[in-house]
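In the UniProt record's numbering, the protein residues as written are 1 to 279. The beta carbon of each residue, even a glycine, is placed where N, CA and C say it ideally should be. Worksheet: the structure to be examined is printed underneath.
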Amino acid sequence: MTILLLGGTGKTSRRISCLLDKSNISVLLASRSATAPAPFKACHFDWSNPSTYNIPFDQATDISAVYLIPPFTFDIFTPMKTFIELAMTQGVRRFVFLSGSIVNDDYPSLQQFHQYLANLGVDYAILRPTWFMENFSEMHPALIRDKSMIRSATYNGKIPWVSVDDVAAVAYHALVDEPAHNTEHFILGPELLSYGDVAQILSHALGRKITHVSISEKELAEELQSFDLQPEYAQVLAALDTAVSDGVEERLNNTVLSMTSRPPKPFQQFVNENRKVWI
Numbered sequence: 001m002t003i004l005l006l007g008g009t010g011k012t013s014r015r016i017s018c019l020l021d022k023s024n025i026s027v028l029l030a031s032r033s034a035t036a037p038a039p040f041k042a043c044h045f046d047w048s049n050p051s052t053y054n055i056p057f058d059q060a061t062d063i064s065a066v067y068l069i070p071p072f073t074f075d076i077f078t079p080m081k082t083f084i085e086l087a088m089t090q091g092v093r094r095f096v097f098l099s100g101s102i103v104n105d106d107y108p109s110l111q112q113f114h115q116y117l118a119n120l121g122v123d124y125a126i127l128r129p130t131w132f133m134e135n136f137s138e139m140h141p142a143l144i145r146d147k148s149m150i151r152s153a154t155y156n157g158k159i160p161w162v163s164v165d166d167v168a169a170v171a172y173h174a175l176v177d178e179p180a181h182n183t184e185h186f187i188l189g190p191e192l193l194s195y196g197d198v199a200q201i202l203s204h205a206l207g208r209k210i211t212h213v214s215i216s217e218k219e220l221a222e223e224l225q226s227f228d229l230q231p232e233y234a235q236v237l238a239a240l241d242t243a244v245s246d247g248v249e250e251r252l253n254n255t256v257l258s259m260t261s262r263p264p265k266p267f268q269q270f271v272n273e274n275r276k277v278w279i
């Protein structure tokens with residue numbers, strides 16, 4: 001049995017692969033770079049190139065489950081449906097999809113894919129984590145380190161920040177548990193913190209003032225487009241910050257504890273573990 005992890009070089013797949021390896025489960029990491037750290041196998045996969053969709057199954061003939069990271073596009077449904085149909089012809093009967101905690105009418109292809117996967121007649125789980133703590137340490141550390149600031153359009157909205165370690169642990173169980181979960185999981189951290197609260201925690205840990213700079217949704221969308229995201233997709237992402245400012249993320253649950261038998265990581269612990277990346 002092999003489990004295929006798309007987004008093989010990403011934050012969640014890297015951590016899931018280690019958990020699977022500890023359980024002696026074979027892993028194949030798929031990404032555009034086709035690279036993986038030892039002892040893992042890797043293969044080329046590119047959502048924008050359908051000719052790569054069969055490569056994982058050419059490399060491993062015993063893939064039983066797939067961890068799905070969606071493409072960074074406005075229309076995720078078309079390529080993902082094409083890939084899943086192919087995977088099912090190769091014997092895959094379980095799919096675990098990394099979605100997000102906010103799903104709204106601004107992103108119809110995501111809503112469509114949720115419904116498609118739930119009605120497909122295969123084992124599945126839809127993971128709906130909130131904002132990752134590790135965005136501060138792995139995506140934007142330079143902004144904190146060099147400019148002592150964080151930026152968002154969330155204003156005073158609060159978020160139940162979650163560690164990718166906890167997301168990976170839930171994903172691991174969704175991939176291997178019997179019986180299959182066949183549901184969606186909101187994966188949330190243990191406390192509600194605004195970006196302003198985060199700035200205060202970072203300030204205390206680093207011994208210097210870290211400032212939360214509020215920007216508009218429009219400014220954020222333009223900033224995201226500068227990273228070569230489609231305008232429609234950039235607008236969807238920027239609108240999530242506005243949703244946070246309206247309070248939609250002010251919620252907590254016990255998903256991490258109930259599925260992993262450990263409480264979710266607090267933000268202060270995350271900062272203590274990663275302090276050196278911002279110095």
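inquiry  = Buried or exposed, going by whether 16 or more other CB atoms sit within 10 Å of the CB of Y116?
reply    = By the 10 Å Cβ count, Y116 comes out exposed.
task = List in chain order: all unbroken alpha helix (DSSP H) runs of 4+ residues lying wholly within the stretch 233–272.
result = 255–260
key: S64 - containing beta strand (DSSP E), residue span   = 63–68
query = What runs of the alpha helix (DSSP H), each 4 residues or longer, lie entirely inside the UniProt domain "NmrA-like" (81–237)?
reply = 108–118, 141–147, 164–176, 195–206, 217–225
key: Cβ neighbour criterion (16 or more within 10 Å) applied to R94   = buried
query = Between the Cα of A243 and the Cα atoms of P79, F57, D106, which residue gives the shortest distance?
reply = D106
query = So is the beta-carbon of V162 under 8 Å away from any non-hydrogen atom of the ligand ADP?
reply = Questions concerning the ligand ADP fall outside what the structure shown contains, since it holds no ligand whatsoever.
request  = Count the other C-beta atoms from every protein chain shown that fall within 10 angstroms of the C-beta of R208, then say buried if there are 16 or more, exposed otherwise.
outcome  = exposed
request  = Inspect the beta-carbon positions of A180 and S245 and report whether they are closer than 9 Å.
outcome  = no
inquiry  = Closest to F57 by C-alpha separation, out of T89, W278, A125, would be which residue?
reply    = With distances taken between Cα atoms, F57 lies closest to T89.
ask   = DSSP state of S31, grouped into three classes?
value = strand
request  = Report the three-state DSSP secondary structure of I55 (helix, strand or coil).
outcome  = helix
inquiry  = Between which two residues does the beta strand (DSSP E) holding L4 run?
reply    = That run of the beta strand (DSSP E) goes 2–5.
Which listed residue (T82, P264, V248) has its alpha carbon closest to that of N254 = P264
task = Return yes when the Cβ of T2 is within less than 9 Å of the Cβ of D46, no when it is not.
result = no
task = Apply the 10 Å Cβ neighbour rule to S51 and answer buried if 16 or more other Cβ atoms are within range, or exposed otherwise.
result = exposed
ask   = Opposite S26 in the DSSP bridges: which residues?
value = Per DSSP, T2.
query = Below 9 Å between beta carbons: does that hold for W161 and G196?
reply = no
request  = Would you kindly work out how many angstroms separate the C-alpha atoms of L240 and L229, rounded to a whole number?
outcome  = 15 Å
task = Under 8 Å by Cβ, that's how I've got A38 and G8 pegged, so tell me the actual separation to the nearest angstrom.
result = Not really, about 14 Å apart at Cβ, beyond 8 Å.
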